[in-house]
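Down below is the structure, laid out as structure tokens.
Here you go:
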């Protein structure tokens, strides 16, 4: 990355205050900024660093009024945080402009159909009758099972395994080591106390603009589909069981586990290590705090739950206050 303040302003629809030719080659937090770096200021807690920063360029909100002299060149934008997000996406896209390549060490079935400008790394296996959309990048050591359909402008990082018959939309990112479509955990008890495996013949359907973190597993359904709807964000090390539906724009932090046949609404937020039992429904816009365990339906949209078992956050805080007071009284 090598951009001037003037170029940054053009990319972010901002204005320059200072030297328009000030150059930056990397990013840094405002408290660590050095010459040649770009920092941003959006949180008032960090204003002290605005006046001591050695960064070459500082992104600030358009209405920011300095209380002392500022050394870096300022690029004023409508919202500094959003502008930084946009700039990171711009720089990332520039780095990811791969030239089309097909490694000679990959194995692509003769019946597989690859779109324009698809990049295929070494030791990739693409099964028969697969369809890969335009401009998708498949890194080394990826396995894509027969009959899978993958959309355009996707990025599939090393070590990903996509089992046969999966459906993946456009602009999907699958991070290293994630597994899409292995058998769910289904076992039928037998009269003699043993277990019989339930075969899984369904698939996984992932919508557009979904991101799945490293080493996350999304199981295929025994029949019909496990569904991840458009815009969902799933962090590393999550477990999505068979027949689960994850609604649009829902976000799950790391180590969340969703048991089978649970239906999660749109725009939900789950903290790390959340656990949800099977066969329940979670309403739209539900927030569940970290390490919480949901053991029943959440019917009212927009509520926040916390605890084990999860209860309304305000109820949890009242209960915790009473619990804490009781403990303090016992210690007196």
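Numbering (the working numbering), first residue to last: 6 to 337.
Here a beta-carbon is modelled for each residue, glycine too, at the ideal position from N, C-alpha and C.
Which residues does DSSP pair with residue i in a beta bridge?
i, result
"residue 280", "262 and 298"
"residue 310", "293 and 317"
"residue 322", "In the DSSP output, where bridge partners are listed per residue, residue 322 has none listed."
"residue 286", "268"
"residue 147", "DSSP output for residue 147 lists no bridge partner at all."
"residue 125", "107 and 143"
With DSSP as the reference, label residue i as helix, strand or coil.
i, result
"residue 157", "coil"
"residue 208", "strand"
"residue 163", "coil"
"residue 193", "strand"
"residue 225", "coil"
"residue 136", "strand"
"residue 28", "strand"
"residue 17", "helix"
"residue 238", "strand"
"residue 22", "strand"
"residue 330", "helix"
"residue 173", "strand"
"residue 269", "strand"
"residue 35", "helix"
"residue 253", "coil"
"residue 202", "strand"
"residue 11", "helix"
"residue 275", "strand"
"residue 141", "coil"
"residue 244", "strand"
"residue 219", "coil"
Check whether the Cβ atoms of residue i and residue j lie closer than 7 Å to each other.
i, j, result
"residue 168", "residue 191", "no"
"residue 261", "residue 273", "no"
"residue 137", "residue 109", "no"
"residue 151", "residue 164", "no"
"residue 40", "residue 61", "yes"
"residue 65", "residue 43", "no"
"residue 174", "residue 212", "yes"
"residue 265", "residue 283", "yes"
"residue 143", "residue 125", "yes"
"residue 95", "residue 47", "no"
"residue 300", "residue 287", "no"
"residue 130", "residue 107", "no"
"residue 315", "residue 298", "yes"
"residue 20", "residue 81", "yes"
"residue 225", "residue 249", "no"
"residue 183", "residue 147", "no"
"residue 139", "residue 157", "yes"
"residue 36", "residue 54", "yes"
"residue 285", "residue 309", "no"
"residue 229", "residue 252", "no"
"residue 117", "residue 145", "no"
"residue 295", "residue 280", "no"
"residue 232", "residue 215", "no"
"residue 207", "residue 246", "no"
"residue 307", "residue 321", "no"
"residue 45", "residue 17", "no"
Quick one: is residue i near chain D, going by C-beta distance under 7 Å?
i, result
"residue 325", "Included in the structure is just one protein chain, with no chain D present."
Quick one: does the C-beta of residue i sit closer than 6 Å to a heavy atom of the ligand GDP?
i, result
"residue 36", "With respect to the ligand GDP, the structure offers nothing, as it holds no ligand at all."
*alpha helix (DSSP H) runs contained entirely in the segment 41-123, provided each spans 4 or more residues*: DSSP runs (the alpha helix (DSSP H)) wholly in the segment 41-123: 52-55 and 85-100.
_With three or more C-beta pairs closer than 8 Å as the rule, is the segment 238-257 touching the segment 214-229?_
Contact holds between the segment 214-229 and the segment 238-257, because three or more Cβ pairs, one in each stretch, are under 8 Å apart.
*Three or more C-beta pairs closer than 8 Å, one from the segment 24-31 and one from the segment 68-75: is that the case here?*
Not touching, per the Cβ criterion.
*Taking three-plus beta-carbon pairs below 8 Å as touching, is the segment 192-205 in contact with the segment 174-184?*
Counting Cβ pairs under 8 Å, fewer than three are found: no touch.
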